[in-house]
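Asker:
2 protein chains.
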Amino acid sequence: MREDRDVAGRPGPTRTQDAEGTRRNILDVATEEFAGKGYSGGRIDEIAARTNTSKRMIYYYFRDKEGLYLAVLEEAYRRIRTIENTLDLEHLEPEEALKALVGFTFDYQNENQDFIRLVMVENIHHGEHLKKSRAIHDVNATVIDKIKGLYQRGVAAGVFRKGIDPIDIHMSISALCFFNVSNRATFSLIFERDMDSARALAKRRAIVVDTILRYVRG
Amino acid sequence: MREDRDVAGRPGPTRTQDAEGTRRNILDVATEEFAGKGYSGGRIDEIAARTNTSKRMIYYYFRDKEGLYLAVLEEAYRRIRTIENTLDLEHLEPEEALKALVGFTFDYQNENQDFIRLVMVENIHHGEHLKKSRAIHDVNATVIDKIKGLYQRGVAAGVFRKGIDPIDIHMSISALCFFNVSNRATFSLIFERDMDSARALAKRRAIVVDTILRYVRG
DNA sequence: TTGACTGAACTAACTAGTTCGTACATTGCT
DNA sequence: AGCAATGTACGAACTAGTTAGTTCAGTCAA
Chain A
1 MREDRDVAGR PGPTRTQDAE GTRRNILDVA TEEFAGKGYS GGRIDEIAAR TNTSKRMIYY
61 YFRDKEGLYL AVLEEAYRRI RTIENTLDLE HLEPEEALKA LVGFTFDYQN ENQDFIRLVM
121 VENIHHGEHL KKSRAIHDVN ATVIDKIKGL YQRGVAAGVF RKGIDPIDIH MSISALCFFN
181 VSNRATFSLI FERDMDSARA LAKRRAIVVD TILRYVRG
Chain B
1001 MREDRDVAGR PGPTRTQDAE GTRRNILDVA TEEFAGKGYS GGRIDEIAAR TNTSKRMIYY
1061 YFRDKEGLYL AVLEEAYRRI RTIENTLDLE HLEPEEALKA LVGFTFDYQN ENQDFIRLVM
1121 VENIHHGEHL KKSRAIHDVN ATVIDKIKGL YQRGVAAGVF RKGIDPIDIH MSISALCFFN
1181 VSNRATFSLI FERDMDSARA LAKRRAIVVD TILRYVRG
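Going down the list, the sequences are from chains A and B. Under our numbering, think of the first position of the first sequence as 1, with each following residue one higher. Under our numbering, think of the first position of the second sequence as 1001, with each following residue one higher.
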């Protein structure tokens, strides 16, 4: 039973009228479902069953399966952008800043496997849903600007070599971090390699950071 | 209409009795379908329609949807292993050999996007189908042995530094090459970047080779 | 004549999306 | 304040279309 009044005693959302909570609840369950089974494999009935609300509400708030999936995708991108924005790299020396950024990316992607899996799913579908999203280009600027800034400081300080495109740096960071999550199932199976343990992750993290640093150093 | 006789004029498989050809044909169409739409998104009826044969034959040869998918997956892995085996790196200097291997991997993965996409699909499904395959561990040995051999030669020659695990080298190569195909849709969309043109591919290929070389050099 | 191979039509289960009916809350009117 | 009208939030059962898998009566080559 939810409360009829919020802490401040305002009328607020009541038991049956908590629109935002219901939306959130559906979105959370749907994120798990689509990340776990893909878009085609994800089942609306399954999502509805694990929700506090009903199937009717899914269609009420999100129109159809695709609308729900797109909302899930946008929310996932929104979340990572928000967190990326809190990263303060300006006060660090270029090398340290880059290390921090790569390490953060590695950790974030490892801790948010649902996000990685949603991106995989979207790529399987050739990005056709993402194309319909207007809100997506905002994700762009942030990371690239951060890398660009720190790279230029590094070049000016003589620690990084010239002529590298910041987008290529970002692509390499993404690739190395992403793969560790996205291909864990098949890679660990074929090469009989532990990729889950804290030990294995720490080791791999160090290698990824090192790989990027060696690439940009002058 | 297929020919009743092969080029050599031997009785060979005839129009209606070409079991191996029929299997191949189904497998080829199914590879495209599953690579294009994923396992759940792939449709048996769709595959049947694009085949020279009928839906009945799919079940005749592959038992069920999962059997067909698994056959597709195993065939894809078999193909890459076969090609990798033809790579002759022993006669090259360690650095050149590694460059050749990375370049080959980049090119192969770019030219065989269906393979990449099947691996993505399998990872979305947590590798549950691959687990059922007995034939898979053979894929292992080849690549790792090649890298191990060339790496040790490089260390002995003093051009590569000590203490690197060959599997980590392979993982980094795979990650950098894989990402370029697997995430092309979303990445090029978000960062408005051309990743398809021959020019863009050549540039990226050089960066990937360079990244790996810089990582192992002493 | 035999047996590998084939196709059209069918079925049972599933799945996205809808219908209809209800409870509650808010706003505007008196 | 009290009442009516309107809009928001919700659930159970239903529908129409789809999809994996089957049946069965055959065809064709050897």
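C-beta: ideal position from N, C-alpha, C; glycine also.
Looking at the strands, I want to know which residues DSSP matches up with R79/A.
Answerer: Paired residues: none, contrary to the question.
Asker: Assign H91/A to one of two classes, buried (16 or more other C-beta atoms within 10 Å of its C-beta) or exposed (fewer than that).
Answerer: It counts as exposed.
Asker: Where does the unbroken alpha helix (DSSP H) through V1119/B begin, and where does it stop?
Answerer: Residues 1113-1124.
Asker: Under 8 Å, Cβ to Cβ, is there at least one residue of chain B near F115/A?
Answerer: Not an interface residue.
Asker: Taking C-beta pairs closer than 7 Å, name the residues in chain B that A175/A reaches, listed in chain order.
Answerer: A1175, L1176, F1179, listed in chain order.
Asker: Which residues mark the beginning and the end of the alpha helix (DSSP H) in which E1093/B is found?
Answerer: No alpha helix (DSSP H) holds E1093/B; DSSP gives it neither H nor E.
Asker: Check the Cβ-Cβ distances between I1124/B and every residue of chain A, and say whether any is below 8 Å.
Answerer: Yes, contact with chain A.
Asker: What separation, rounded to the nearest whole angstrom, lies between the Cα atoms of T1022/B and N183/A?
Answerer: C-alpha separation (whole angstroms): 32 Å.
Asker: Exposed or buried, S197/A, counting other C-beta atoms within 10 Å across all chains shown (16 or more means buried)?
Answerer: The residue is exposed, with fewer than 16 neighbouring Cβ atoms inside 10 Å.
Asker: Going by C-alpha distance, which of E1075/B, V1155/B, F1104/B, E1095/B is nearest R1134/B?
Answerer: Closest by alpha carbon: E1075/B.
Asker: Run down chain A in chain order and give the residues with a C-beta less than 9 Å from the C-beta of Y1215/B.
Answerer: Going along chain A in sequence order, the residues near Y1215/B (Cβ under 9 Å) are I207, D210, T211, R214, Y215.
Asker: Who are the near neighbours of G158/A in its chain, counting only those whose CB is closer than 6 Å to its CB and skipping five residues on each side?
Answerer: Once the five neighbours on either side are set aside, G158/A has no close Cβ partner at all.
Asker: Since R23/A sits in a beta bridge, which residues does DSSP pair it with?
Answerer: None, per the DSSP bridge assignment.
Asker: In terms of alpha-carbon separation, which member of H125/A, R78/A, N52/A, R153/A lies closest to A19/A?
Answerer: Measuring from the Cα of A19/A, the nearest candidate turns out to be N52/A.
Asker: Any C-beta of chain A sitting closer than 8 Å to the C-beta of A1100/B?
Answerer: Taking Cβ atoms only, chain A never reaches closer than 8 Å to A1100/B, which makes this a no.
Asker: Mapping the DSSP letters down to three states, classify T1053/B as helix, strand or coil.
Answerer: If DSSP states are grouped into helix, strand and coil, T1053/B belongs with coil.
Asker: Could you list the residues in the region 1146-1176 of chain B with a C-beta less than 9 Å from some C-beta on chain A, going in chain order?
Answerer: Cβ contacts with chain A come from I1164, D1165, I1167, D1168, H1170, M1171, S1172, S1174, A1175, L1176.
Asker: So, does the CB of L1070/B fall closer than 8 Å to a CB anywhere in chain A?
Answerer: False, the Cβ-Cβ gap to chain A never drops below 8 Å.
Asker: Would you mind telling me which residues of chain A sit closer than 7 Å to K1131/B, beta carbon to beta carbon, in chain order?
Answerer: What K1131/B touches in chain A: L189.
Asker: What does S1040/B reach in chain A if we use C-beta pairs closer than 9 Å?
Answerer: Per Cβ cutoff of 9 Å: K37, G38, Y39, S40, G41, G42.
Asker: Using the DSSP secondary-structure output, state which residues sit across from R1217/B in a beta bridge.
Answerer: BP columns for R1217/B point to F1160/B.
Asker: Could you tell me whether any Cβ in chain A is nearer than 8 Å to the Cβ of N1112/B?
Answerer: Not an interface residue.
Asker: As a quick exercise: from R205/A, I144/A, R50/A, A200/A, pick the residue whose alpha carbon is nearest that of F1191/B.
Answerer: Comparing Cα-Cα distances from F1191/B to each of R205/A, I144/A, R50/A, A200/A, the minimum goes to I144/A.
Asker: From the DSSP output, in three-state form, read off N183/A for me.
Answerer: N183/A: coil per DSSP, three-state reduction.
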